[in-house]
């Protein structure tokens with residue numbers, strides 16, 4: 089199963105079904121290779137990737153600069169404990185501090201988005217001495233118990249109760265509800281600038297600034313969950329920059345190391361008042377993941393991928409809105425998004441359409457029951473993007 093020729097899909101499927109835990113909903117394709125914005129199945133079939141594995145592949149699959157960095161670091165050092173200083177870890181921390189919104193210059197490295205959110209919760213509770221965490225309806229922040237407690241959708245929560253106490257939900261975009269919810273017991277407010285899993289809902293104009301003001305007035309820590317929106321996806325390096333807002337903590341993951349496990353919580357020095365050893369991560373900031381991250385960040389900056397995301401996002405949104413306004417696009421209820429983070433809300437369930445899109449050679453994602461989510465690699469070419477959009481339009485018109 090290691091060559092580049094055709095492979096036996098049924099053998100791959102049988103093995104993974106037999107020995108895996110089967111907790112992931114599966115699609116009937118085995119992806120074995122990728123390059124740029126293209127993926128290839130075990131049978132050699134080519135797919136236009138319009139999902140980037142939920143936003144992991146901002147710089148595309150197997151970017152040569154990332155691969156070169158991984159190869160070079162693999163010959164030097166794969167891993168060393170965070171109790172030792174390391175050049176790769178230092179490099180990523182400094183780079184992220186320089187890219188982050190002003191004043192956010194302390195970086196905690198871990199393995200995944202949910203760990204970054206857990207870290208934000210712990211840092212906020214420790215610094216403020218308060219128990220309460222507020223997040224929004226439709227939110228998704230992760231699946232470990234703390235991050236899950238901040239996640240709204242009951243389908244992720246059911247069966248795992250009791251969750252961590254002290255969490256409360258308010259409607260996304262409702263500043264009055266947020267103001268009423270925040271008290272002198274509130275440690276943190278955590279918000280996605282664009283709700284991803286909840287259906288691709290960008291924050292309304294003025295909302296994030298209002299949340300910033302509420303948090304400042306109440307000495308509450310404002311956490312921006314940029315795990316899906318960060319690192320160029322929305323047309324800015326960080327989505328909060330669209331609204332000229334600086335949170336107290338930003339969490340990022342997914343595309344940071346192009347698929348290798350690395351995430352970060354970025355914050356102010358004043359919030360880094362945990363005692364040494366009171367929080368940590370064995371594998372967080374491993375040298376090889378940091379090498380991949382440094383190369384990934386270089387590509388994002390050098391190839392100006394945030395601007396590319398903005399331009400291609402406008403192109404895709406304009407095309408989809410024109411299609412939605414035609415007779416062929418009557419199944420579409422609304423197009424929403426920011427940059428190359430686009431939601432196509434349908435009047436019907438999205439699942440059958442996603443299966444058909446896959447069968448026609450493109451990969452899109454769900455975002456709730458009725459939304460098709462598009463998160464293509466930021467390096468996707470315009471012809472590739474148009475081909476993928478053409479497949480979606482054909483399926484929606486004939487479905």
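Numbering (my numbering), first residue to last: 89 to 487.
A virtual CB, placed ideally from N, CA and C, is assigned to each residue, including glycine.
Because the structure is a prediction, the values reported are computed rather than measured.
- Annotation for residue 150: 122 and 123 place their beta carbon closer than 7 angstroms to its own, counting only its chain and skipping 5 residues before and after.
- For residue 385, the enclosing alpha helix (DSSP H) covers residues 375 to 390.
- In the DSSP assignment, residue 135 is bridged to 127.
- The alpha carbon of residue 486 has as its nearest neighbour, out of 418, 449, 148 and 466, the alpha carbon of 418.
- As for any alpha helix (DSSP H) of minimum length 4 sitting wholly inside the region 416 to 477, the runs are 439 to 447, ordered along the chain.
- Going by beta carbons, residue 466 and residue 428 fall inside the 8 angstroms limit.
- Assignment of residue 289 by DSSP, reduced to helix, strand and coil, places it in the strand class.
- Within the region 112 to 196, the complete beta strand (DSSP E) segments of 3 residues or longer fall at 119 to 123, 126 to 129 and 134 to 137, listed in chain order.
- Going by DSSP, residue 228 is part of no alpha helix (DSSP H) at all; its letter is neither H nor E.
- When secondary structure is reduced to three states using DSSP, residue 348 falls in the strand class.
- Between the alpha carbons of residue 296 and residue 331 lies a gap of roughly 7 angstroms.
- For the 8 angstroms CB-CB criterion, residue 278 and residue 204 do not form a contact.
- Scanning the region 218 to 263 for uninterrupted alpha helix (DSSP H) segments of 4 residues or longer gives 233 to 237 and 242 to 245, listed from N- to C-terminal end.
- In this structure, residue 388 lies away from residue 404, with their beta-carbon atoms at least 8 angstroms apart.
- Within the region 315 to 349, the runs of beta strand (DSSP E) that reach at least 3 residues and sit entirely inside it are, in chain order, 337 to 340.
- Between residue 275 and residue 308, the beta carbon gap of about 7 angstroms places them in contact (Cβ cut-off 8 angstroms).
- Look at residue 272 here: in three-state DSSP terms it is coil, with no helix or strand label.
- Here residue 280 is buried. Its C-beta has 16 or more other C-beta atoms within 10 Å.
- In the three-state reduction of the DSSP assignment, residue 310 falls in the strand class, which pools E and B.
- In summary, residue 166 is exposed, with fewer than 16 beta-carbon neighbours lying within 10 Å of its beta-carbon over all protein chains present.
- By a beta-carbon distance limit of 8 angstroms, residue 420 contacts residue 484. Their separation comes to about 7 angstroms.
- Looking at the DSSP output, residue 353 shares a beta bridge with 196 and 339.
- By the C-beta density criterion, residue 260 is buried, having at least 16 other C-beta atoms within 10 angstroms.
- Take residue 322, set aside five residues on each side of it, and the residues of its chain with a beta-carbon closer than 6 angstroms to its own are 426, 427 and 429, in chain order.
- Under DSSP, no beta-bridge partner is assigned to residue 98.
- DSSP places residue 207 inside the alpha helix (DSSP H), whose first and last residues are 201 to 216.
- Taking all protein chains in view, the Cβ of residue 115 is surrounded by fewer than 16 other Cβ atoms within 10 Å, so the residue is classified as exposed.
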